[in-house]
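Heads up, the thing below is written out as structure tokens.
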Amino acid sequence: MPASPPPLHHQSQHHRLLRSVLVSLVASVSTLLLGVLVKVGEGCLKDQAMHLMEQWNNSIEVELLAVKKCAICLRSLRKGQGQAIFYAECSHPFHFNCIADNTKHGNLKCPICRSKWKDVPFQAPRNAPNFQRAGSLHAHVSPYNVPPVQIEAEHFSDDEVLSDVSPDQSLSSRPHAITVKTFTEYPAVSASESFSKFGVLVRILAPPLDNTLPHHRARAPIDVVTVLDVSGSMASKMILLKRAVNFIIQNLGPSDRLSIVTFSSSARRMLPLRRMSGGGREDATSVVDSISAVGGTNIVAGLKKGVQVLEERRQHNSVATIILLSDGCDTQSHNAQNRLDYLKFLPTSIFPSNNTSREESKQPTFPVYAFGFGSDHDSAAMHAISDASRGTFSFIESINILQDAFARCIGGLTSIVARDVQLKVRSASPGVQILSTPSGRHKNKIFDQGHQAVIDIGDLYAEEEKEFLVFLSIPVSSAVDGEERLENTSLVEVSCFHKGSVSVDTVQVEGERVEIRRPPTLSPIDRVLCLEVDRQRNRLLVTETIAKTQRMAEKGDLKGAQALLAKQLSTLLTTASSQAGDDLCNQLEAELKETRERMETRELYERSGRAYVLSGMSSHSWQRAATRGHSTTILSQGGNSDTSFTSSYETPSMTSMVLKSQILNLAPRE
Numbered sequence: 000m001p002a003s004p005p006p007l008h009h010q011s012q013h014h015r016l017l018r019s020v021l022v023s024l025v026a027s028v029s030t031l032l033l034g035v036l037v038k039v040g041e042g043c044l045k046d047q048a049m050h051l052m053e054q055w056n057n058s059i060e061v062e063l064l065a066v067k068k069c070a071i072c073l074r075s076l077r078k079g080q081g082q083a084i085f086y087a088e089c090s091h092p093f094h095f096n097c098i099a100d101n102t103k104h105g106n107l108k109c110p111i112c113r114s115k116w117k118d119v120p121f122q123a124p125r126n127a128p129n130f131q132r133a134g135s136l137h138a139h140v141s142p143y144n145v146p147p148v149q150i151e152a153e154h155f156s157d158d159e160v161l162s163d164v165s166p167d168q169s170l171s172s173r174p175h176a177i178t179v180k181t182f183t184e185y186p187a188v189s190a191s192e193s194f195s196k197f198g199v200l201v202r203i204l205a206p207p208l209d210n211t212l213p214h215h216r217a218r219a220p221i222d223v224v225t226v227l228d229v230s231g232s233m234a235s236k237m238i239l240l241k242r243a244v245n246f247i248i249q250n251l252g253p254s255d256r257l258s259i260v261t262f263s264s265s266a267r268r269m270l271p272l273r274r275m276s277g278g279g280r281e282d283a284t285s286v287v288d289s290i291s292a293v294g295g296t297n298i299v300a301g302l303k304k305g306v307q308v309l310e311e312r313r314q315h316n317s318v319a320t321i322i323l324l325s326d327g328c329d330t331q332s333h334n335a336q337n338r339l340d341y342l343k344f345l346p347t348s349i350f351p352s353n354n355t356s357r358e359e360s361k362q363p364t365f366p367v368y369a370f371g372f373g374s375d376h377d378s379a380a381m382h383a384i385s386d387a388s389r390g391t392f393s394f395i396e397s398i399n400i401l402q403d404a405f406a407r408c409i410g411g412l413t414s415i416v417a418r419d420v421q422l423k424v425r426s427a428s429p430g431v432q433i434l435s436t437p438s439g440r441h442k443n444k445i446f447d448q449g450h451q452a453v454i455d456i457g458d459l460y461a462e463e464e465k466e467f468l469v470f471l472s473i474p475v476s477s478a479v480d481g482e483e484r485l486e487n488t489s490l491v492e493v494s495c496f497h498k499g500s501v502s503v504d505t506v507q508v509e510g511e512r513v514e515i516r517r518p519p520t521l522s523p524i525d526r527v528l529c530l531e532v533d534r535q536r537n538r539l540l541v542t543e544t545i546a547k548t549q550r551m552a553e554k555g556d557l558k559g560a561q562a563l564l565a566k567q568l569s570t571l572l573t574t575a576s577s578q579a580g581d582d583l584c585n586q587l588e589a590e591l592k593e594t595r596e597r598m599e600t601r602e603l604y605e606r607s608g609r610a611y612v613l614s615g616m617s618s619h620s621w622q623r624a625a626t627r628g629h630s631t632t633i634l635s636q637g638g639n640s641d642t643s644f645t646s647s648y649e650t651p652s653m654t655s656m657v658l659k660s661q662i663l664n665l666a667p668r669e
């Protein structure tokens, strides 16, 4: 029989080093073969290359782990053979002595998966204190070494306790905290005529933040989970991503809590829910600084982990949300035949349509504010996720504006002054029927044979304004029991219900009783169209047209889409509100033109048109500001409005936070 190989501890240091180098070379072959794709690719292309690399490396890993061998010396890793075993943070095992020799020569990457290590084994020198020699070199762990990586908890019930400072409840108890105002399409309708689709505009305006209180006590505290794409294609964007996330950390209040989840081929919770004060803020900053980019893109795993953080927390702030960031397509769950098929794997708390039960789920829905970077992110999927969860989708065409985009989002989330807002409309006269309440993605319901309607608005930011058109059927004004015709007809009664920023008590705000005159004949002033109603009708028509052209573009009919956009632009310019120079109509005009430009060719539509259109649809559907394009220009000091549509629904708190970000970006950095 051949002589058995010498024990591992008798092998020469050069022998082990040679094996280490050979294994590293084998693991690097995939990088060499796919290097061209990684260099020239972006987003989906680059992620697919990274995915192929992982499959190559995984094949090596499977072979080694199947036989339980050290990847460096190729000897057994079974326990009880007198050798210490080192488990790296990427979960790959090695003999301690083998990997210590490997890292001693500056190789800080895993020989199998090539992930960079933050925690490495250390061998004490022979002359170190307490060094003992017992026939072989024994490994010691340096007392100065970085603490070992913490194993991720199976359950996330380790959130930091909420602040014991009682939030102020003055906003929730203040009478008429929300302002409700109505406008009728015309001031009068002839008594002898009916009107089949009469418009009534209902405007809801949230109160400002109470400036007599500290900012964090004048609004609802929030729990935020950032779900960050750290796949290989994000490597060149890491500096700006970290800077943007650190901006979030610095601008959350001491009652807010933040958790950080990262995902590439798999997902990991890097930071449990921590209050953003003192140590929590420092820990969050350290976690962000430690993030590196490697691997593929598994959006589903990242979102599942983010949802788990919120669902398993012990205590709840009154508002909870997820911020999702990605520059690529899901390379792990992606189905080539149906690119959105993987969305069925998302939790129902962010994608309610995945609920297979016939009964409506009672669990809360966590809004996902999605941010897509560059030209290769999956805008269709990110829009679908944000749309289903009551969040918004922002298209970040230039990574340089990422911090400003985050600032706009955080400016809103840190200014919530009213929760669970609900608008109720009730018919006020016999024969007056509610026909429709177009409300975008806000849930609405008409019941009681058209006599009542409800619109669920959700949370409102400070000074946020939302407008809803209610279309009515108005009958002929007839005499009742021989009496003369009434001079006025009451149309509807409007009321609003909501909770305060922290209170669970419901506040009712009584709106106006909407009436119109019913003269026998109409005077010229009775025929004057209300510009507020007209401009909202224009917004609805433009939004519907853009949604229709987006569907046409997906089918390849760009020529037809451009013709429809041109027709809608001509119609818009003839309306009363547009000719009066209304700001909203000017912005709608600019949006139609920009959409046409981004649908000129298939290549242009694929690169930026789809994301631009979907981001705009998201903003209109929720009447909430989202960033899109390559600029976050805000209102100038001179009061000139931005010609882009990104600031259409921007609140003062959003504007202030974006300005803060821009000033910070102008400041010199050390």
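Numbers 0 to 669, taken from numbering that gives the first Met the number 0, label the letters of the sequence shown in order. Note that CB positions come from ideal geometry on N, CA and C, so glycine has one too.
Looking only at its own chain, which residues have a Cβ that is under 6 Å from the Cβ of Pro166, when we skip the five neighbours before and after it?
Here residue 166 refers to the residue found at position 167 of the sequence shown. Confidence at Pro166 is low in this model, with a pLDDT of 48, below 50, so its placement is unreliable and the value that follows should be read with caution. Answer for Pro166: Arg216, Val501, listed in chain order.
Determine the DSSP secondary structure at Glu670, reduced to helix, strand or coil.
The shown model of the chain, from 0 to 669, leaves out residue 670, and the question about it has no answer.
Closer than 8 Å, CB to CB, is Glu602 near chain C or not?
Within the model displayed, chain C is absent; a lone protein chain is all it includes.
Within a Cβ cutoff of 8 Å, which residues of the same chain sit near His450, ignoring the five residues on either side of it in sequence?
Here the question's residue 450 lines up with position 451 in the sequence shown. Contacts found: Arg425, Ser426, Gln432, Ile433.
Take the Cβ of Asn297 as the centre, count every other Cβ of all protein chains shown within 10 Å, and call the residue buried at 16 or more, exposed below.
The residue given as residue 297 occupies position 298 in the sequence shown. The residue in question, Asn297, is buried, as its Cβ has 16 or more Cβ neighbours within 10 Å.
Would you mind stating whether Gly294 and Val226 have Cβ atoms separated by less than 8 Å?
Numbered from its first residue, the sequence shown carries residue 294 at position 295. Numbered from its first residue, the sequence shown carries residue 226 at position 227. Not closer than 8 Å, so no.
Can you tell me whether Leu540 is helix, strand or coil according to DSSP?
Residue 540 sits at position 541 when you count from the first residue of the sequence shown. Looking at Leu540 - three-state DSSP - the assignment turns out to be helix.
I need the straight-line Cα distance from Glu492 to Glu602, nearest angstrom please.
Within the sequence shown, the letter at position 493 stands for residue 492. Within the sequence shown, the letter at position 603 stands for residue 602. Answer to the nearest angstrom: the Cα atoms are 51 Å apart.
Nearest CA to the CA of Ser385: which residue from Ser620, Ser75, Tyr648, Val657?
Stepping through the sequence shown from its first residue, residue 385 is reached at position 386. Among Ser620, Ser75, Tyr648, Val657, the Cα nearest to that of Ser385 is on Ser620.
Helix, strand or coil at Lys566 according to DSSP, with G and I counted as helix:
Within the sequence shown, numbered from 1, the residue matching residue 566 stands at position 567. It is helical.
Considering only the alpha carbon of each residue, which of Glu192, Lys180, Phe194 lies closest to Ala205?
Here residue 205 corresponds to residue number 206 of the sequence shown, with the count starting at 1. For the residues Glu192, Lys180, Phe194, the minimum Cα distance to Ala205 belongs to Lys180.
Spatial neighbours of Ser193 in its chain, beta-carbon cut-off 8 Å, leaving aside the 5 residues before and after:
Within the sequence shown, the letter at position 194 stands for residue 193. Ser472, Ile473, Pro474, Val475.
How long is the line joining the alpha carbons of Leu324 and Met237, rounded to whole angstroms?
Working through the sequence shown from its first residue, we reach residue 324 at position 325. Working through the sequence shown from its first residue, we reach residue 237 at position 238. C-alpha separation (whole angstroms): 12 Å.
What residues match up with Ala266 in a beta bridge as DSSP calls it?
Within the sequence shown, numbered from 1, the residue matching residue 266 stands at position 267. Ala266 is bridged to Phe262.
Pull up the distance between the alpha-carbon of Lys241 and that of Asp455, whole angstroms please.
Within the sequence shown, the letter at position 242 stands for residue 241. Within the sequence shown, the letter at position 456 stands for residue 455. So the two alpha carbons sit approximately 36 Å from each other.
Does the Cβ of Ser264 have 16 or more other Cβ atoms within 10 Å, making it buried, or fewer, making it exposed?
For the purposes of this step, residue 264 is identified with residue 265 of the sequence shown, where counting begins at 1. Classification for Ser264: buried.
At a cut of 8 Å, does the stretch 398-412 reach the stretch 647-656 through at least three beta carbon pairs?
As far as the Cβ criterion goes, the stretch 398-412 touches the stretch 647-656, which means the pair count is three or higher.
May I ask you to report which of helix, strand or coil DSSP gives Ser356?
By 1-based counting over the sequence shown, the position of residue 356 is 357. In the structure shown, Ser356 sits in coil (DSSP, three-state: anything other than H, G, I, E or B).
Can you tell me where the alpha helix (DSSP H) with Glu590 in it begins and where it stops?
Taking the sequence shown and counting its residues from 1, the one referred to as residue 590 is at position 591. Where Glu590 is concerned, the enclosing alpha helix (DSSP H) stretches over 582-596.
Beta-ladder partner(s) of Val223, from DSSP:
Working through the sequence shown from its first residue, we reach residue 223 at position 224. In the DSSP output, where bridge partners are listed per residue, Val223 has Leu257, Thr320.
As assigned by DSSP and simplified to three states, the class of Glu492:
Walking along the sequence shown from the start, residue 492 turns up at place 493. For Glu492, the secondary structure class from DSSP, reduced to helix, strand or coil, is strand.
Exposure of Pro363, with buried meaning 16 or more beta-carbon neighbours within 10 Å
Here residue 363 corresponds to residue number 364 of the sequence shown, with the count starting at 1. By the neighbour-count definition (other C-beta atoms within 10 Å, threshold 16), Pro363 is an exposed residue.
List the whole-angstrom C-beta distance separating Phe394 from Ser614, where the pair is believed to meet the contact cut-off of C-beta under 8 Å.
Taking the first residue of the sequence shown as 1, we reach residue 394 at position 395. Taking the first residue of the sequence shown as 1, we reach residue 614 at position 615. That pair is a contact at about 4 Å.
Would Leu339 pass as a contact of Phe350 if the rule is Cβ separation under 8 Å?
Counting from one through the sequence shown, the residue named residue 339 turns up at place 340. Counting from one through the sequence shown, the residue named residue 350 turns up at place 351. No, the pair does not count as a contact, with Cβ atoms beyond the cut-off.
Taking DSSP as the reference, what is the three-state secondary structure of Pro651?
As a first step, residue 651 must be located in the sequence shown, where it is residue number 652. In the structure shown, Pro651 sits in a helix (DSSP, three-state: H, G or I).
Can you name the residues that DSSP bridges to Ile84?
Working through the sequence shown from its first residue, we reach residue 84 at position 85. DSSP lists His94 as the bridge partner or partners of Ile84.
Could you give the distance in angstroms between the alpha-carbon of Glu211 and the alpha-carbon of His382?
Taking the sequence shown and counting its residues from 1, one reaches residue 211 at position 212. Taking the sequence shown and counting its residues from 1, one reaches residue 382 at position 383. The residue asked about is misnamed: residue 211 is Thr in this sequence, not Glu. Thr211 and His382: Cα-Cα distance of roughly 38 Å.
Would you mind reading off the limits of the alpha helix (DSSP H) that contains Lys241?
Counting from 1 along the sequence shown, the entry for residue 241 is found at position 242. That run of the alpha helix (DSSP H) goes 237-250.
Do Ser435 and Phe467 have their beta-carbon atoms positioned less than 8 Å apart in this structure?
Taking the sequence shown and counting its residues from 1, one reaches residue 467 at position 468. Taking the sequence shown and counting its residues from 1, one reaches residue 435 at position 436. No; because the gap between Cβ atoms is not below 8 Å, this pair is not in contact.
Continuous alpha helix (DSSP H) assignments of at least 4 residues falling wholly in the stretch 384-450
If we require 4 residues or more, the alpha helix (DSSP H) runs fully inside the stretch 384-450 come out as 401-412.
Let's test the definition: count the other Cβ atoms within 10 Å of the Cβ of Ile545 and tell me whether it reaches 16, buried, or not, exposed.
Counted from its first residue, the sequence shown places residue 545 at position 546. Under this definition Ile545 is a buried residue.
CB Leu490 to CB Glu464, shorter than 8 Å?
For the purposes of this step, residue 490 is taken as the residue at position 491 of the sequence shown. For the purposes of this step, residue 464 is taken as the residue at position 465 of the sequence shown. No, they are not a contact pair.
With H, G and I counted as helix, E and B as strand and the rest as coil, what does DSSP make of Lys659?
Numbered from 1 along the sequence shown, position 660 holds the residue referred to as residue 659. DSSP places Lys659 in helix when its eight states are reduced to three.
With a threshold of 7 Å on Cβ separation, who are the neighbours of Leu309 within its own chain once the five nearest residues in sequence on each side are excluded?
As a first step, residue 309 must be located in the sequence shown, where it is residue number 310. Within the same chain, Leu309 has close Cβ partners Asp222, Val224, Ala319, Phe365.
Assign His154 to buried or exposed, taking buried as 16 or more other Cβ atoms, counted over all protein chains shown, within 10 Å of its Cβ.
Taking the first residue of the sequence shown as position 1, residue 154 is located at position 155. Classification for His154: exposed.
Through-space distance from His441 to His376, alpha-carbon basis
The residue labelled residue 376 in the question sits at position 377 within the sequence shown. The residue labelled residue 441 in the question sits at position 442 within the sequence shown. Roughly 26 Å between the two C-alpha positions.
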